[in-house]
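Residue numbers (our numbering), protein chains in the order written: chain B, 1 to 228; chain W, 229 to 456.
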């Protein structure tokens with residue numbers, strides 16, 4: 001904490017007074033008290049953004065799914081489990097935010113039924129019906145307040161940039177960070193990332209592979225520039 | 229490592245020369261490169277057993293699903309992801325083991341198909357067909373070599389002891405540790421456990437709530453007593 005304070009004192013507080021909400025990690029969608037559907041997000045990218053934003057003086061709220069990571073210094077963390085929890089935690093806090101950065105990998109689907117007791121296994125096959133979770137990014141894009149900036153993330157294994165551009169438009173984002181799971185040094189659990197940044201005005205930026213911390217700073221730089 | 233060496237030097241090496249295989253953690257069953265089906269096991273119980281067995285002089289192999297835990301000192305760890313990986317890792321190492329302790333929460337089901345590319349979400353519902361994974365405990369019980377002891381685990385939310393007794397018999401276990409998810413101080417992620425031990429000769433033992441480390445020692449004590 002002392003070292004953090006010293007580093008912060010030496011860091012330009014260019015985000016002072018800004019309210020930043022970051023989401024991170026996976027969600028877990030329960031089938032029963034034991035089993036769930038989830039994804040490989042470790043939360044590293046979102047935690048890096050929250051940490052850097054706090055270091056640069058922002059008032060940071062981190063809404064996090066289950067991860068093994070420590071809460072970054074100076075960040076208010078809100079823990080959630082399911083996509084519906086995430087929806088509530090984010091939409092209720094959205095109105096007061098200047099930047100909303102949705103780095104979490106929110107489950108698109110949940111089991112249509114969640115059993116109260118552990119499901120006993122049978123001998124053969126089993127079917128689970130999945131239903132769509134509410135679309136948090138779309139809800140935020142629809143209710144965006146004047147001056148608020150919304151940054152989404154897209155991770156794909158194919159047709160990345162087309163899908164990302166379409167997502168940016170449909171969800172009314174100001175910026176979108178597109179990651180390919182297929183790029184070396186990108187994706188889940190790595191400490192580096194390879195991303196293309198897409199902007200509302202149509203331009204794109206593909207920085208070289210860099211640490212998630214450096215990419216976090218770049219994302220914050222671009223949002224700050226757009227907000228001024 | 230120095231402290232561990234000192235503690236080990238002060239610990240009775242009553243498992244010296246024994247080969248112990250422990251399984252721990254959850255498995256992950258892939259739907260596609262991003263999504264998977266898993267469960268809430270953190271691996272703490274199995275890691276505690278592996279750690280205590282190594283401290284008591286055993287030659288310990290820990291076959292572990294994805295966890296956030298450090299490998300205990302003196303333990304050989306083999307990392308796996310899916311139930312089928314676990315099956316291969318355990319059955320191939322089983323013949324040379326004296327005790328096999330199956331603390332992992334192995335997924336009973338996996339998606340019948342695993343997509344090579346991330347599945348694009350549609351607008352409505354989705355169905356996933358699940359298929360049964362191979363039954364590792366049953367395979368071990370069937371191929372048990374003379375003198376080898378097999379310890380299973382059962383976790384249920386209801387009818388715990390009936391289900392546990394049935395599992396002990398069907399799977400040809402020597403001992404079974406039954407946990408209720410409903411007991412305070414038991415279950416996933418806790419540092420304590422509440423368990424009933426069931427034995428092949430029909431007797432049962434319900435120790436008070438204790439740390440997972442103390443329960444690990446008790447499980448090893450009972451196996452050692454049965455083996456002598």
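Beta carbons: idealized from backbone N, C-alpha and C, even for Gly.
This structure is a prediction, so every number in the text was calculated from the model and none was measured.
Cβ of residue i within 8 Å of any chain W Cβ
| i | result |
| --- | --- |
| residue 177(B) | no |
| residue 99(B) | no |
| residue 68(B) | yes |
| residue 38(B) | yes |
| residue 225(B) | no |
Burial state of residue i, where buried means 16 or more other Cβ atoms lie within 10 Å
| i | result |
| --- | --- |
| residue 137(B) | buried |
| residue 9(B) | exposed |
| residue 395(W) | buried |
| residue 225(B) | exposed |
| residue 279(W) | buried |
| residue 380(W) | buried |
| residue 417(W) | exposed |
| residue 131(B) | exposed |
| residue 206(B) | exposed |
| residue 429(W) | exposed |
| residue 326(W) | buried |
| residue 111(B) | buried |
| residue 72(B) | buried |
| residue 102(B) | buried |
| residue 235(W) | exposed |
| residue 15(B) | buried |
Within chain B, partners of residue i - CB distance below 9 Å
| i | result |
| --- | --- |
| residue 352(W) | 131 and 132 |
Closer than 8 Å at the beta carbon, the chain B residues around residue i
| i | result |
| --- | --- |
| residue 292(W) | What residue 292(W) touches in chain B: nothing, since even the nearest Cβ is about 14 Å away. |
C-beta neighbour in chain B for residue i, strict 8 Å
| i | result |
| --- | --- |
| residue 349(W) | yes |
| residue 381(W) | no |
| residue 397(W) | no |
Contact list for residue i against chain W, beta-carbon separation under 9 Å
| i | result |
| --- | --- |
| residue 158(B) | 345 and 346 |
| residue 112(B) | 353 |
Proximal residues to residue i (C-beta, below 6 Å), its chain only, five neighbours per side dropped
| i | result |
| --- | --- |
| residue 437(W) | 413, 420 and 422 |
| residue 407(W) | 383, 414 and 423 |
| residue 287(W) | 247 |
| residue 75(B) | 50, 54, 60 and 62 |
| residue 172(W) | The displayed coordinates of chain W run from 229 to 456. Any statement about residue 172(W) would go beyond what the structure contains. |
Under 8 Å by beta carbon: chain W residues contacting residue i
| i | result |
| --- | --- |
| residue 108(B) | 349 |
| residue 127(B) | 355, 356, 357 and 358 |
| residue 234(B) | The structure shown does not extend to residue 234(B), since chain B is modelled only from 1 to 228, so the question has no answer here. |
| residue 54(B) | Under the 8 Å cutoff, chain W gives no residues; its nearest Cβ is about 23 Å from residue 54(B). |
| residue 214(B) | Simply none; closest approach about 24 Å. |
Contacts around residue i, its chain only, beta-carbon distance under 8 Å, and the 5 residues preceding and following it disregarded
| i | result |
| --- | --- |
| residue 335(W) | 254, 255, 256, 257, 265, 266, 267, 310, 311 and 361 |
| residue 85(B) | 27 |
| residue 91(B) | 136, 139, 140 and 143 |
| residue 115(B) | 31, 32 and 33 |
| residue 173(B) | 137, 141, 150, 151, 152, 167 and 200 |
Neighbourhood of residue i by C-beta, 7 Å cutoff - its chain only, sequence neighbours within 5 removed
| i | result |
| --- | --- |
| residue 163(B) | 154 and 156 |
| residue 11(B) | 55 and 56 |
| residue 171(B) | 137, 138, 141 and 152 |
| residue 450(W) | 403 and 425 |
| residue 145(B) | 95 |
Reference residue i; option with closest CA among the options
| i | options | result |
| --- | --- | --- |
| residue 96(B) | 79(B), 115(B) and 149(B) | 149(B) |
| residue 444(W) | 339(W), 317(W) and 425(W) | 425(W) |
| residue 351(W) | 135(B), 87(B) and 125(B) | 135(B) |
| residue 125(B) | 341(W), 346(W), 250(W) and 371(W) | 341(W) |
| residue 270(W) | 251(W), 249(W), 295(W) and 262(W) | 295(W) |
| residue 24(B) | 80(B), 1(B), 159(B) and 211(B) | 80(B) |
| residue 109(B) | 333(W), 322(W) and 356(W) | 356(W) |
| residue 431(W) | 373(W), 275(W), 346(W) and 389(W) | 389(W) |
| residue 121(B) | 35(B), 88(B) and 3(B) | 35(B) |
| residue 211(B) | 44(B), 21(B), 1(B) and 93(B) | 44(B) |
| residue 249(B) | 183(B), 105(B) and 159(B) | Outside the shown range of chain B (1 to 228) lies residue 249(B), about which nothing can therefore be said. |
| residue 328(W) | 405(W), 297(W) and 229(W) | 405(W) |
| residue 446(W) | 230(W), 276(W) and 375(W) | 276(W) |
Residues that residue i contacts on chain W, provided the C-beta gap is smaller than 7 Å
| i | result |
| --- | --- |
| residue 33(B) | 385 and 409 |
| residue 58(B) | Near residue 58(B) there are no residues of chain W at all, since even the closest Cβ is about 28 Å away, more than 7 Å. |
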